[in-house]
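A quick write-up on the structure given underneath.
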Amino acid sequence: MLNIVLFGPPGAGKGTQSTKLIEKYNLIHLSTGDIFRANIKGETELGKMAKSYMDQGKLVPDSLTIDMLQDEADKHPDAKGYIFDGFPRTNAQAKALDDFLATKNSAITMMLALEVTEDELRTRLAERAKTSGRPDDADPQIIQKRIDVYNAETMPVKGYYEAQNKYRGVQGVGDINDIFISLCNEVDLKN
Ligand code: ADP
Numbered sequence: 010m011l012n013i014v015l016f017g018p019p020g021a022g023k024g025t026q027s028t029k030l031i032e033k034y035n036l037i038h039l040s041t042g043d044i045f046r047a048n049i050k051g052e053t054e055l056g057k058m059a060k061s062y063m064d065q066g067k068l069v070p071d072s073l074t075i076d077m078l079q080d081e082a083d084k085h086p087d088a089k090g091y092i093f094d095g096f097p098r099t100n101a102q103a104k105a106l107d108d109f110l111a112t113k114n115s116a117i118t119m120m121l122a123l124e125v126t127e128d129e130l131r132t133r134l135a136e137r138a139k140t141s142g143r144p145d146d147a148d149p150q151i152i153q154k155r156i157d158v159y160n161a162e163t164m165p166v167k168g169y170y171e172a173q174n175k176y177r178g179v180q181g182v183g184d185i186n187d188i189f190i191s192l193c194n195e196v197d198l199k200n
């Protein structure tokens, strides 16, 4: 299996690049943010719980997130591989993901990270707010909170994969297709 963790701060371009990667490598896309938003739209219990955290720019608690991710992955038993987008966001989630994949005799192949400066992120998220309809994009204070949470809670996940020699950083600023080619070059070295 080809299992990729796509990593990067809010606004780094994970969604855009995931769409291209799943098509090229025939992978299943699991975006925890998208799954939470679908649950909010469907007014499920999970959606109601997640919304209170998301609207404040905080992380949804690990237990909820991990259970949900595993349920979604299990819906695709014949997958050739997965792109995990927006997950894991904490070291506890990373450990849970390793344990989960081990039960399927599989593992994470690599973490691909999109590297983007904070100034660029703030500009992109403010721009995205005009069309995304996402409450967490609309308020500069919430955007800053998400960036702060990323730096405090999510950045350590990089070290988790570096320790396994699975971290690959790619410049996330520039032409979308050039960034895609850089990502593919990293994948093809491992695939
Ligand atoms: P972005 O990366 O642009 O902030 P996402 O769609 O990945 O957007 O996530 C939106 C929100 O969903 C996060 O701010 C957080 O509240 C919640 N969320 C998504 N993934 C996770 C996760 N793995 N763990 C905890 N919360 C998450």
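Be aware that the sequence shown starts at 10, since it is given in the working numbering, and climbs by one per residue. Positions of the beta carbon are idealized from the N, C-alpha and C atoms, including for glycine. Source: prediction; values computed, not measured.
- Do you know offhand how far residue 183's Cα is from residue 137's? The straight-line gap from Cα to Cα measures roughly 17 angstroms.
- Close beta carbons around residue 27, own chain, < 8 angstroms, minus the five adjacent residues each side: Excluding residues within five positions, the ones whose Cβ falls inside 8 angstroms are 15, 38, 40, 92, 94.
- Distance cut-off 8 angstroms: residue 145 Cβ against heavy atoms of the ligand ADP: Within the cutoff, so yes.
- Message: Quick check: does the Cβ of residue 14 come within less than 8 angstroms of any heavy atom belonging to the ligand ADP?
- Response: No, the beta carbon of residue 14 sits no closer than 8 angstroms to any heavy atom of the ligand ADP.
- Message: Could you check whether the Cβ of residue 27 sits closer than 8 angstroms to any heavy atom belonging to the ligand ADP?
- Response: No, Cβ of residue 27 sits at least 8 angstroms from all heavy atoms of the ligand ADP.
- Message: Any heavy atom of the ligand ADP closer than 8 angstroms to the beta-carbon of residue 58?
- Response: At a cut-off of 8 angstroms, the beta-carbon of residue 58 does not count as near the ligand ADP: no heavy atom of the ligand is closer than that.
- Item | alpha helix (DSSP H) segment containing residue 169, residue limits | For residue 169, the enclosing alpha helix (DSSP H) stretches over residues 165-171.
- Task: Could you pull out every residue in the same chain whose Cβ sits closer than 6 angstroms to the Cβ of residue 49, ignoring the five residues on either side in sequence?
- Result: Counting only Cβ-Cβ distances below 6 angstroms, and skipping sequence neighbours, we find 56, 60.
- Message: Going by C-alpha to C-alpha distance, which of 126, 86, 77, 195 sits closest to residue 159?
- Response: Residue 159 has its Cα closest to that of 126, out of 126, 86, 77, 195.
- For the alpha helix (DSSP H) holding residue 119, just list the boundary residues, first then last. Looking at the DSSP string, residue 119 is not in any alpha helix (DSSP H); the run it does join, the beta strand (DSSP E), is 119-124.
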